Ligand SMILES: [Zn+2]
């Protein structure tokens with residue numbers, strides 16, 4: 001969406017135009033789906049969190065300050081919604097979903113199979129992190145945001161962001177090492 | 186022992202170094218240590234590699250959600266909320282509010298009329314029906330005391346009898362005798 005067009009639609013949506021809101025949601029669907037998916041790790045949870053994120057976006061639009069970056073604001077909603085869900089459903093941090101293994105075998109083409117294997121590896125690694133560690137890791141290492149922006153989105157101090165990044169990277173490195181050992185055996 | 190302590194303080198910085206979160210001063214410190222510490226040099230290589238691997242894995246798209254279903258779900262909530270806070274919705278709510286206020290007022294008026302004002306009207310007949318015989322009885326009792334007729338089991342004594350009895354009172358007869 002072009003900047004000028006985006007501003008026009010945003011203005012309408014802020015005034016309560018549901019059609020304009022729907023266009024915004026469609027434009028940012030892939031964005032929210034990606035961020036949320038990387039945090040909650042399960043499709044069912046992702047659907048719930050994506051829906052909640054957009055409902056909160058709708059409710060907050062009227063008070064959204066347009067001098068702020070829209071994506072920073074949307075990141076914050078998506079991240080907080082995902083973390084709320086993770087905290088509510090502790091057991092869901094479980095890394096394995098056995099039924100999905102079968103699904104991988106059914107997919108014929110090579111590319112989706114490799115992509116799915118990569119996703120399964122990521123999920124296993126990310127599942128070992130606490131929600132806070134996962135949050136900073138996703139924003140900094142996967143979304144590629146600046147440390148300042150991570151601070152703005154998470155509401156953590158700069159030191160807390162660094163501390164969580166350190167623990168996240170360390171834990172994942174250890175996981176990768178033990179994962180590789182298992183594969184050799 | 187001293188060596189190990191330095192490596193421990195350097196370790197967190199190594200993990201931040203690979204992500205580019207160190208200040209210039211910190212970076213120089215780590216670089217200087219790594220240049221002469223084999224252990225930390227290896228750790229640096231591993232941290233850098235594993236970060237790259239996780240990033241590669243994490244860059245694969247998460248399983249797709251049902252976009253149509255999710256968007257419809259959101260729109261249902263949004264439309265419902267919009268209806269409840271739109272000016273038309275407000276007007277409707279004002280009308281509904283007024284209507285219920287009017288209903289309460291009418292009920293209060295009805296209750297007031299039947300229980301309070303109506304007390305002098307609707308139950309009046311009942312009161313009269315009760316009161317009239319009792320007043321008559323009181324009158325009758327009054328007559329009896331007046332004319333000295335004692336209450337008999339028979340009840341009402343005919344007025345003529347009372348009057349007749351009264352005409353020949355002992356006082357006057359005594360005077361005459
Ligand atoms: Zn060292």
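Residue numbers (the working numbering), protein chains in the order written: chain A, 1 to 185; chain B, 186 to 362. A virtual CB, placed ideally from N, CA and C, is assigned to each residue, including glycine. In this text the structure is predicted, and so the values were computed from the model without any measurement.
| query | result |
| --- | --- |
| Residue 131 (chain A) - containing alpha helix (DSSP H), residue span | 131 to 137 |
| Interfacial residues, the region 236 to 258 of chain B to chain A, with Cβ spacing under 9 Å | 236, 238, 239, 240, 241, 242, 243, 244, 245, 246, 247, 248, 249, 250, 251, 252, 254, 255, 256 and 258 |
| Check: residue 167 (chain A) C-beta below 7 Å from any heavy atom of ligand 1 | no |
| Chain A contact residues for residue 262 (chain B), given Cβ-Cβ distances below 7 Å | 55 |
| Segment contact, 8 Å Cβ cut-off, at least three pairs: the region 7 to 20 of chain A with the region 51 to 67 of chain A | yes |
| Sub-8 Å separation of residue 39 (chain A) and residue 138 (chain A) beta-carbons | yes |
| Closer than 7 Å: residue 138 (chain B) CB and nearest ligand 1 heavy atom | Lying outside 186 to 362, the shown extent of chain B, residue 138 (chain B) is not represented and no answer is given. |
| Within chain B, the residues that residue 33 (chain A) reaches when beta carbons sit closer than 9 Å | 246, 247, 249, 250, 252 and 255 |
| Close Cβ partners of residue 207 (chain B) (< 8 Å) along its chain, the five nearest in sequence each way excluded | 198, 201 and 215 |
| Alpha-carbon spacing of residue 3 (chain A) relative to residue 150 (chain A), whole angstroms | 23 Å |
| Distance, residue 246 (chain B) Cα to residue 114 (chain A) Cα | 12 Å |
| Contact test: residue 9 (chain A) Cβ vs ligand 1 heavy atom, cutoff 7 Å | no |
| Interface residues of chain A facing residue 231 (chain B) [CB-CB closer than 7 Å] | 173 |
| Pairwise C-alpha distance: residue 161 (chain A) and residue 252 (chain B) | 32 Å |
| Whole-number beta carbon distance between residue 267 (chain B) and residue 18 (chain A), since they are thought to touch under 8 Å | 6 Å |
| Chain B within 8 Å of residue 28 (chain A), Cβ atoms only | no |
| Minimum Cβ-Cβ distance from residue 119 (chain A) to chain B less than 8 Å | yes |
| Neighbouring residues, chain B, relative to residue 47 (chain A) (Cβ below 7 Å) | 250, 251 and 255 |
| Range covered by the alpha helix (DSSP H) that runs through residue 68 (chain A) | No alpha helix (DSSP H) contains residue 68 (chain A), which DSSP labels as neither H nor E. |
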